[in-house]
Structure formats: C-alpha cells, structure tokens
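Right, one structure below, let's go through it.
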Amino acid sequence: MPEQHPHVHTAPGGVVHEVQKGAAASREAGVDLDEGHAHPHRVGGRLDCRRNAVERDCTVDEGFDQVAFPWRVRRTRCGRVPDEIVGACCHGSTLASDHRQTWPTPAGTGRPGYSPPVRALVIEHDEYGPAESVGDHFQVRGYDLEVFRVLEDPDDPVCATPYPDPTGYDAVIVTGAVWSLADTAPIASWIHREVEMVRAAHDSDTPVLGMCFGGQVLSVALGGSVTRSDEPELGWHTVESPERGPLPSGPWFQWHYDSFTVPEGAIELAHGRMGPQAFQIGRSVGTQFHPEMTPRLFRGWLTFGSDDLTAHGIDPQALLAETVERAKAARSRADRLVDWFLDDVAAG
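Residues in the sequence shown are numbered consecutively from 150, following my numbering.
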C-alpha cells in the first residue's frame with residue numbers, strides 16, 4: 150500500500166471523514182495511531198502533528214465525537230489541509246516531504262498526475278458490525294473506506310437517515326447484523342431502502358460484497374429469498390467448494406439462524422450443511438459466513454451474545470480461544486477472498 154497521510158473526504162453537510170490507512174502500514178511509515186486506537190479501517194481517527202500528521206485547521210466538533218465499543222469513531226469539520234500546514238508541522242521530515250508530493254487534492258486543481266482515490270462504501274449496521282479484517286485488506290489494496298452506520302443505538306432498530314448513493318463508489322461492502330431478513334417488521338424503517346440501494350449498486354455495475362446478513366441482503370435484492378433455519382449454525386465450519394474454485398473451504402466463522410437462496414443467474418461458490426454459503430452474480434458476491442471475523446470482533450459480540458451461545462451448548466470462552474488460535478489462518482483466507490473479489494470479480 151502506498152505510504153500516505155490519511156485521505157480527507159468531504160461528505161454532504163460539510164462533515165469531513167478522515168480515512169485511516171491500515172495500522173501496519175502506518176507504523177512502517179512512522180505514523181502511529183492515536184492513543185485511543187482508532188480502528189484502522191474506520192472513518193475517523195484524529196491526526197496528531199507529532200506523528201507526521203496534521204490537525205491544525207481541523208477542530209474536533211464534539212457534537213460529532215463519539216465512542217463506539219470497541220472501535221472509536223471521530224469526525225471533524227474542516228477544510229482540506231493545505232501543503233503549507235503540512236510543511237510547518239513536519240518541517241525537515243523527508244517522510245513528510247514525500248507525503249506532500251502525493252497528498253490528495255480535489256479534482257480540477259490542476260496538479261499533474263492527480264487521480265481520485267478508489268473508495269469503498271461500507272454499510273455497517275451498528276457498532277458491532279465493522280468490515281474488520283476484510284476492510285483492512287481493502288485498505289492494503291489501496292481503497293479508502295467510508296462507513297455508513299445504519300443504527301447508532303443497537304437497541305433501537307429505527308433509522309430514517311437516507312442511504313448514500315452507491316454509484317459514486319468503486320465498491321460496496323455490506324456487513325453482518327443481528328437482524329433477520331426472514332422477519333423484517335422490526336427493521337422496516339430501513340431494510341427495504343437498503344435492499345434497493347444494493348440492487349441499484351449491482352445494476353450500475355458497482356461491485357458489491359455482502360457478508361452474512363449482507364449476503365442475505367444481496368440475495369433478496371437480486372431475486373433470492375431468506376428463510377429461517379431449523380437450527381443455528383455457530384462457530385467455525387468448513388464449506389464445500391470446488392477444488393479449483395476461488396474460495397477456500399475454510400473453516401469459516403458462522404453465526405446465523407437464517408439462510409439465503411442463490412439468485413437466478415448466480416453461480417453457487419460454496420455449500421454447507423444448512424444450504425448455500427457463497428454465490429457470485431456479475432460483479433457481486435454474497436457469503437453466508439463471516440470472512441471478516443477476528444478475535445477483537447468476536448469479543449465485541451460476546452458482550453451481547455454469550456447467552457445465545459450457551460443456550461446452544463457452546464462455551465463462549467472456548468470459542469473465543471479457538472478464534473484466537475485460528476486468527477492467522479482466518480486472516481489469510483479473508484485476504485485471499487478480497488484479492489479474488491478485487492482482481493477477478495470487481496475488475497471483470
């Protein structure tokens with residue numbers, strides 16, 4: 150990934166989203182993340198002058214500042230950070246000088262060689278559903294992530310906020326959720342709009358990657374259906390996939406009560422004991438499993454889902470230990486999935 154300062158994008162209403170690059174790349178560049186440990190693929194993350202970054206003309210608007218367990222979201226109101234501020238803050242830094250040569254500038258400024266960054270829209274349903282390792286690898290591949298969080302309060306399923314126009318992005322990622330597409334009454338204020346947005350993205354040839362609930366949304370958007378299963382699928386499970394298919398057999402992490410059908414015209418990529426596990430149609434891919442799973446994400450889920458696991462005979466702490474043990478291999482599989490999605494599906 151090119152070593153750059155976080156990109157700054159202006160959203161409607163003047164809210165500027167600072168898009169953090171991956172933590173590893175930041176450390177390699179000598180840029181440490183804020184002590185609050187802003188999640189590396191979260192929109193937000195305060196810049197610190199002492200870490201070869203700038204916030205002199207970016208004042209944090211406390212009306213937008215918020216803490217979301219276990220990932221912090223910070224938004225600011227500011228204009229583009231000018232080159233002279235970068236120079237004043239990081240005077241004498243070769244790294245800063247190099248970054249000044251590639252600092253993103255608005256289209257039409259006339260800077261030679263400028264090209265807009267590639268952007269992915271992340272539909273995140275609440276604070277417990279980030280794109281996590283999948284989002285990390287999108288950033289490694291050079292994408293800026295812009296997060297649209299559907300519900301600020303996970304206990305309040307009502308959302309009246311308009312969804313972003315997906316056609317302005319280079320890809321759309323739809324993450325998981327505790328809600329069910331087999332019973333949409335509690336989420337009627339937004340789920341139909343989300344389905345329409347995903348359909349619009351697919352119809353406009355914008356690549357869509359849907360994971361678990363997101364895969365179910367993609368299925369419904371393209372003519373498939375979602376039904377309640379007789380029993381949940383929980384924990385790490387292998388799936389059946391063609392020997393030379395694009396997806397490894399896993400194991401992949403599962404936590405779902407519902408299952409989707411493969412839409413007409415789609416190719417089933419993987420199958421499990423409860424039904425289809427992945428499909429591709431055009432430039433869109435849906436998975437029933439959670440390729441984004443990490444120990445940190447699972448720990449967040451345990452804050453509200455431990456009783457659910459126990460009720461089905463699963464020891465939450467044992468599953469956490471297994472998730473930690475499998476983390477490295479799971480990350481490798483997630484990276485492989487993202488690479489295939491970007492290189493073969495999105496580019497197709």
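Even glycine gets a Cβ: it sits at the ideal position worked out from N, Cα and C.
Which residue wins for smallest C-alpha separation from L294, given the options D304, E301, C308 and Y318? Position 145 of the sequence shown holds residue 294. Taking only the C-alpha atoms, the option nearest L294 is Y318.
Per the DSSP calculation, V375 is bridged to which residue(s)? Position 226 of the sequence shown, counted from the first residue, corresponds to residue 375. According to DSSP, V375 bridges with F409.
Using the Cα positions of Q137 and Q288, report the straight-line distance between them to the nearest angstrom. Limits of the chain in this structure are 150 at one end and 497 at the other, which puts residue 137 out of reach.
Which residues in the same chain as S353 place their Cβ atom closer than 6 angstroms to its Cβ, once the five residues preceding and following it in sequence are excluded? Translated into the one-based positions of the sequence shown, residue 353 becomes position 204. Contacts found: T316.
Quick one: give me the first and last residue of the beta strand (DSSP E) that S433 is part of. Taking the first residue of the sequence shown as 1, we reach residue 433 at position 284. It spans S433 to T436 - the beta strand (DSSP E) in which S433 sits, taken as one unbroken run.
Beta bridge counterpart(s) of D293 as assigned by DSSP: Numbered from its first residue, the sequence shown carries residue 293 at position 144. Per DSSP, R268.
Anyone know if the C-beta pair for Q429 and F438 falls short of 8 angstroms? Residue numbering aside, residue 429 sits at position 280 when the sequence shown is read from its first letter. Residue numbering aside, residue 438 sits at position 289 when the sequence shown is read from its first letter. Not in contact: Q429 and F438 (Cβ atoms no closer than 8 angstroms).
Distance, Cα to Cα, F490 vs V434? In the sequence shown, residue 490 corresponds to position 341, counting from 1. In the sequence shown, residue 434 corresponds to position 285, counting from 1. Their backbone Cα atoms lie some 8 angstroms apart in a straight line.
In chain order, what residues of the same chain lie with their CB nearer than 7 angstroms to the CB of L458, ignoring the 5 residues before and after it? Along the sequence shown, read from residue 1 onward, the residue named residue 458 stands at position 309. Around L458: L383, P465 and L468.
Let's see if you can read the secondary structure: which residues bound the alpha helix (DSSP H) around F453? Counting from 1 along the sequence shown, the entry for residue 453 is found at position 304. For F453, the enclosing alpha helix (DSSP H) covers residues P444 to A460.
Reduced DSSP secondary structure (H/G/I, E/B, other) of G394: Translated into positions along the sequence shown, residue 394 becomes position 245. G394: coil per DSSP, three-state reduction.
According to the Cβ coordinates, are D407 and S329 closer than 8 angstroms? Looking up residue 407 in the sequence shown gives position 258. Looking up residue 329 in the sequence shown gives position 180. Yes. Within cutoff.
Cβ contact (3+ pairs, closer than 8 angstroms) linking the region 295-312 and the region 408-416: no
Inter-residue Cα distance where the pair is R475 and V487: The residue labelled residue 475 in the question sits at position 326 within the sequence shown. The residue labelled residue 487 in the question sits at position 338 within the sequence shown. Their backbone Cα atoms lie some 18 angstroms apart in a straight line.
Should H248 be labelled buried (16 or more other beta-carbon atoms within 10 Å of its own) or exposed? Taking the first residue of the sequence shown as 1, we reach residue 248 at position 99. Unreliable positioning characterises H248 in this predicted model, as indicated by a pLDDT of 33, which lies under 50. A coordinate reading is not provided.
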